[in-house]
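In my numbering, the protein residues as written are 121 to 421.
Idealized CB from N, CA, C, for every residue including glycine.
Nothing here was measured: the structure is a model prediction, and the numbers come from that model.
Notes follow the structure.
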């Protein structure tokens, strides 16, 4: 059996957590996808997935091989596309939309660099104004939409671009004027600066996850940029994307609170249609943005 074919089936199963859903994405039968994975396990002489009546999960070896296979298939597809693209140039209009906070920061930087390096692609980039329905962007005339929440849709192509680290922080003046903050339960005694989309703070530390509903939101906004300004001025604690406040942390304008706890596990995703009429432009764009975030991660250093 062709190794690349069985690897594609395995990677899709790893993404979907289901043979049947993977089969639908690949246009194959569930039994054939199951045989592909079994054949790959036979070739490698190791179990890659745990099969139960309700779900299919990757073993530790399966997770390792998934990362390798996904990377290899991506590189293979990218090289194939690059060779095919020698006969055509990526050019024309490309419409992109994303949430305001990420568009005003890292993603805006990445897309500006792309526009400079690919002048034949005319980018229309809009921030904010996104529908609550994740896939309405196509009806609104956009080619690509960026999201920071997990998405699944059998008719869309979804690519993870980067991980986003969050940090709980406040000004030194604020922290000095309050009792020491040593555990998440004490957040109820503090003034908090809250993003309107995050009324519950999710913190991970000491081997457990804590969901803390903010009781005292003394300042709230739909913009992390304005929350940062309030935090620097000493108004309270804020749970912020690390890249939003990295310079303030380095300069001592802000300090980490609860340093043994990290913020929510979030990622940046790009969503686009599999339509062939935009495939070349979109692929070039997403490959560029993926590489940009590899060089400029949104994670703690």
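Taking the beta carbon of residue i as the centre, do at least 16 other beta carbons fall within 10 Å, making it buried, or is it exposed?
i	result
residue 206	Reliability fails at residue 206, whose pLDDT of 46 lies under 50, so the model's placement of it is uncertain and the value that follows must be treated cautiously. Its Cβ having fewer than 16 others within 10 Å, residue 206 is exposed.
residue 418	buried
residue 364	buried
residue 222	buried
residue 409	buried
residue 380	exposed
residue 188	exposed
residue 335	exposed
residue 285	buried
Mapping the DSSP letters down to three states, classify residue i as helix, strand or coil.
i	result
residue 387	strand
residue 207	Its pLDDT being 44, under 50, residue 207 is placed unreliably by the model, and the measurement read from it follows with that caveat. Correct three-state label for residue 207: helix.
residue 160	helix
residue 382	strand
residue 335	coil
residue 151	helix
residue 362	helix
residue 343	coil
residue 166	coil
residue 357	strand
residue 298	coil
residue 418	strand
residue 370	helix
residue 195	helix
residue 257	coil
residue 122	coil
residue 187	helix
residue 327	coil
residue 270	coil
In the DSSP assignment, what residue or residues form a beta bridge with residue i?
i	result
residue 283	387
residue 176	171
residue 213	242
residue 137	DSSP output for residue 137 lists no bridge partner at all.
residue 321	332
residue 290	375
residue 277	392
residue 247	218
Quick check on the DSSP output: the beta strand (DSSP E) that includes residue i runs from which residue to which?
i	result
residue 445	There is no way to answer for residue 445, as the model of the chain reaches only from 121 to 421.
residue 265	264-267
Cβ-heavy atom distance between residue i and the ligand COA below 7 angstroms?
i	result
residue 243	The ligand COA is not among the ligands present in this structure, which contains no ligands whatsoever.
Give the range of the alpha helix (DSSP H) segment to which residue i is assigned.
i	result
residue 227	226-237
residue 223	220-223
Please confirm if the stretch 259-269 is in contact with the stretch 373-393, defined as three or more CB-CB distances below 8 angstroms between the two stretches. yes
Would you check if there are 3 or more beta carbon pairs closer than 8 angstroms linking the stretch 308-322 to the stretch 365-375? no
Does the count of Cβ pairs from the stretch 207-223 and the stretch 163-183 closer than 8 angstroms reach three? no
Taking contact to mean 3 or more Cβ pairs, one atom from each stretch, closer than 8 angstroms, check whether the stretch 322-334 and the stretch 289-309 are in contact. yes
Three-pair Cβ contact test at 8 angstroms for the stretch 289-306 versus the stretch 396-416: no
Segment contact flag, the stretch 152-162 with the stretch 125-142, C-beta cutoff 8 angstroms, min 3 pairs: yes
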